[in-house]
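Data first, discussion second: the structure below is written as structure tokens.
What follows is the structure in structure tokens.
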């Protein structure tokens with residue numbers, strides 16, 4: 351099975367994250383950039399399917415030059431190769447345009463199965479799997495906590511607000527995974543060394559047949575008008591329990607009319 | 208006034224969800240709300256009274272197995288046809304997984320911008336979003352097409368405004384391409400009478416400090432006394448204390464209740480990402496240095512196994 355895993359480089363969610371003052375895009379220059387955590391689960395799932403059913407795993411990333419670090423990191427977990435869509439004209443692209451570029455790349459790669467994380471930690475928008483599936487005319491099985499592959503039939507178990515549901519589709523399809531699906535492996539020393547030699551193909555917009563005017567700020571379907579830092583919350587009263595902590599807590603709740 | 212389409216979210220158990228009422232309230236500021244029910248057979252009938260109570264002037268309904276037997280694709284197709292026909296001033300959906308997914312497909316079908324996790328929307332289409340774990344406020348606009356936004360639960364107070372909506376059944380003409388992801392089984396899990404996590408006005412969450420699954424009864428007890436939902440930190444979920452669907456924070460749910468009670472939660476940034484915009488935060492933690500206290504309007508440094516039972520007792524006394 352030809353599996354492509356979508357990997358996004360994001361600013362580390364454990365550190366301070368900002369939008370740029372000059373063009374309102376995510377500040378990636380000063381941030382510590384990492385693989386979107388949920389994508390590691392997608393890579394793990396792809397590797398497990400390859401181990402059980404054979405095939406090839408390709409990492410696909412759209413991002414600036416520095417996304418190469420995350421691509422090598424992804425490859426060190428075990429995928430065979432990577433494709434990096436990189437083009438200055440992509441800076442400022444909205445989700446709709448991004449899905450157009452990724453769908454074009456996936457079309458060229460001829461993936462049977464596309465796996466990605468359910469959401470990225472920077473935008474948390476959750477729209478990419480369905481946008482790509484809509485463009486490719488294939489099924490999207492999103493938010494999987496379990497994925498079973500039987501020939502060309504995919505079966506996904508997904509959490510819903512009322513319980514869970516079981517959903518099936520045939521390949522080709524897009525599957526997004528939640529972090530409950532597996533436990534991603536750590537790259538081994540051998541894996542890290544091997545990753546340095548794995549092929550990483552770069553593709554520009556021209557290679558994908560997408561015009562620069564369709565992406566970036568020019569092609570954006572939405573725009574950030576302004577942004578500001580929310581004033582940080584300041585801690586209020588803090589008491590140490592000396593036998594009356596529970597009562598004092600309820601007294602506070604009562605003054606706020608919660609009790 | 209122009210129509211504003213509000214895509215209804217509802218559950219079998221509780222009917223119309225609060226976020227739908229919030230969207231109807233918001234839609235009234237922008238034009239005349241029309242509710243869109245996309246669901247199983249008879250879905251609109253069961254919901255129409257409530258939708259009318261909050262100002263839906265009209266209800267569009269697309270119902271049946273063609274709609275709810277598959278993941279969101281058929282819903283997006285029906286909605287796209289409706290948008291093309293009525294040319295609404297805006298389309299509002301809930302910022303749930305399903306709401307975002309329908310909106311995603313609609314955005315591609317119409318080559319239309321999309322804004323998610325919106326907490327406010329002005330008449331000129333400027334949306335307010337909260338980004339980066341609640342640390343950044345963003346004002347955005349759709350610059351191509353109509354305002355297509357998903358609204359985060361607990362963004363505003365729903366207010367009633369009675370209307371008597373007529374129901375218009377939509378013809379469902381979904382294609383084979385919409386029926387690729389087939390739902391073969393739906394399993395309802397016991398949820399009890401607690402409100403849904405993202406919509407609850409009170410959330411009581413437990414973390415690693417709760418110690419084990421059995422001790423979560425203490426968290427549940429306090430939640431029930433306050434009429435709230437139960438949440439859990441990632442540490443608690445990863446340790447198997449509580450199911451994943453109740454996880455609050457990054458890789459879990461984002462909540463914004465009136466009151467958030469954090470029990471035995473240290474307050475790692477990944478947790479704060481999911482609860483930092485709560486109106487009032489209280490915390491109980493035995494570690495006086497825990498970062499959760501930096502957010503808490505009221506904090507108790509102490510053993511939660513002493514503080515929480517005492518608080519529960521005190522609430523009972525006052526009732």
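Protein chains in written order, with this note's numbering: chain A, 351 to 609; chain B, 208 to 526.
Glycine is no exception: its CB is placed at the ideal position from the N, C-alpha and C atoms.
Measure the alpha-carbon distance for residue i versus residue j and round it to whole angstroms.
i: residue 326 of chain B; j: residue 299 of chain B; result: 12 Å
i: residue 371 of chain B; j: residue 261 of chain B; result: 10 Å
i: residue 563 of chain A; j: residue 573 of chain A; result: 15 Å
i: residue 581 of chain A; j: residue 382 of chain A; result: 23 Å
i: residue 221 of chain B; j: residue 418 of chain A; result: 48 Å
i: residue 537 of chain A; j: residue 259 of chain B; result: 56 Å
i: residue 546 of chain A; j: residue 415 of chain A; result: 16 Å
i: residue 474 of chain B; j: residue 440 of chain B; result: 9 Å
i: residue 232 of chain B; j: residue 496 of chain B; result: 42 Å
i: residue 406 of chain B; j: residue 416 of chain B; result: 25 Å
i: residue 277 of chain B; j: residue 492 of chain A; result: 12 Å
i: residue 373 of chain B; j: residue 336 of chain B; result: 33 Å
i: residue 432 of chain B; j: residue 485 of chain B; result: 19 Å
i: residue 370 of chain A; j: residue 377 of chain A; result: 5 Å
i: residue 245 of chain B; j: residue 376 of chain B; result: 10 Å
i: residue 357 of chain A; j: residue 464 of chain A; result: 11 Å
i: residue 466 of chain A; j: residue 459 of chain B; result: 17 Å
i: residue 575 of chain A; j: residue 322 of chain B; result: 13 Å
i: residue 414 of chain B; j: residue 469 of chain B; result: 8 Å
i: residue 267 of chain B; j: residue 593 of chain A; result: 58 Å
i: residue 216 of chain B; j: residue 263 of chain B; result: 14 Å
When you compare the CB of residue i with every CB in chain A, is at least one pair closer than 7 Å?
i: residue 328 of chain B; result: no
i: residue 339 of chain B; result: yes
i: residue 417 of chain B; result: no
i: residue 479 of chain B; result: no
i: residue 322 of chain B; result: yes
i: residue 428 of chain B; result: no
i: residue 304 of chain B; result: yes
i: residue 487 of chain B; result: yes
i: residue 411 of chain B; result: no
i: residue 472 of chain B; result: no
Going along chain A in order, which residues have a C-beta closer than 7 Å to the C-beta of residue i?
i: residue 364 of chain B; result: Going along chain A, no residue has its Cβ under 7 Å from residue 364 of chain B, so there is no contact; the nearest lies around 15 Å.
i: residue 559 of chain B; result: The requested residue 559 of chain B is not part of the displayed model; chain B covers only 208 to 526.
i: residue 466 of chain B; result: 608
i: residue 236 of chain B; result: The premise fails here: residue 236 of chain B is roughly 19 Å from chain A at the closest Cβ pair, so nothing lies under 7 Å.
i: residue 381 of chain B; result: Result: empty, since nearest Cβ-Cβ is about 13 Å, beyond 7 Å.
i: residue 352 of chain B; result: 571
i: residue 333 of chain B; result: 575
Within the 7 Å Cβ cut-off, does residue i reach chain B?
i: residue 357 of chain A; result: no
i: residue 391 of chain A; result: no
i: residue 597 of chain A; result: yes
i: residue 555 of chain A; result: no
i: residue 574 of chain A; result: yes
i: residue 530 of chain A; result: yes
i: residue 535 of chain A; result: no
i: residue 476 of chain A; result: yes
i: residue 580 of chain A; result: yes
i: residue 591 of chain A; result: yes
i: residue 559 of chain A; result: no
i: residue 583 of chain A; result: yes
i: residue 526 of chain A; result: no
i: residue 364 of chain A; result: yes
List, in order along the chain, the chain B residues whose C-beta lies closer than 8 Å to that of residue i?
i: residue 577 of chain A; result: 338, 343, 344, 345, 346
i: residue 481 of chain A; result: 311, 312, 314, 315
i: residue 295 of chain A; result: An answer regarding residue 295 of chain A cannot be provided, because it is not within the stretch 351 to 609 covered by chain A.
Given that residue i touches chain B, what residues does it touch there, using C-beta distances under 9 Å?
i: residue 588 of chain A; result: 490, 495, 500, 503, 505, 506, 507, 508
i: residue 367 of chain A; result: 338, 339, 340, 342, 343
What in chain A is Cβ-close to residue i, meaning under 8 Å?
i: residue 319 of chain B; result: 446, 571
i: residue 218 of chain B; result: 511, 512
Can you pull the chain A residues whose beta carbon is under 9 Å from the beta carbon of residue i, in chain order?
i: residue 525 of chain B; result: 600, 604, 609
Whose Cβ in chain B lies nearer than 7 Å to the Cβ of residue i?
i: residue 438 of chain A; result: None at all; the shortest Cβ gap to chain B is about 21 Å.
*What residues from the segment 431 to 462 of chain B come within 7 Å of chain A, judged by C-beta to C-beta, listed N to C?*
Residues 433, 451, 452, 457, 458.
*When Cβ atoms are compared, which residues of the segment 271 to 297 of chain B fall closer than 9 Å to chain D?*
This model lacks chain D altogether, as its protein chains are A and B.
*Positions along the segment 508 to 522 of chain B whose CB lies within less than 8 Å of some CB in chain A*: 508, 509, 510, 513, 514, 515, 516, 517, 518, 519, 520, 521, 522
*Note down, in chain order, all residues in the segment 377 to 408 of chain A with a beta-carbon under 8 Å from any beta-carbon belonging to chain B.*
387, 388
_Runs of beta strand (DSSP E) wholly within the segment 326 to 405 of chain B (minimum 3 residues, chain order)_ = Correct list: 334 to 338, 343 to 349, 355 to 358, 373 to 376, 389 to 395.
*Going along the segment 383 to 408 of chain B in order, which residues come within less than 7 Å of chain A, judged by CB to CB distance?*
384, 387, 388, 389, 390, 391, 392, 393, 394, 395, 396, 403
*asked:* Quick check on the DSSP output: what are the complete beta strand (DSSP E) runs of length 3 or more inside the segment 260 to 305 of chain B, in order along the chain?
replied: If one requires a minimum length of 3 residues, the beta strand (DSSP E) runs lying completely within the segment 260 to 305 of chain B are 265 to 270, 297 to 301, in chain order.
*Using Cβ-Cβ distances below 7 Å, what residues of the segment 486 to 518 of chain A are close to chain B?*
487, 488, 489, 490, 491, 492, 493, 509, 511, 512, 513, 514, 515, 516, 517, 518
_Minimum length 4: unbroken alpha helix (DSSP H) runs contained in the segment 435 to 476 of chain B_ = 441 to 445
_By the 7 Å beta-carbon criterion, what residues does the segment 444 to 473 of chain A contribute toward chain B?_
444, 445, 446, 449, 471
_Complete runs of the beta strand (DSSP E) confined to the segment 411 to 486 of chain A [at least 3 residues]_ = 431 to 435, 463 to 467
*Which residue spans inside the segment 484 to 530 of chain A form an unbroken beta strand (DSSP E) run of at least 3?*
489 to 500, 503 to 510, 513 to 520, 523 to 527
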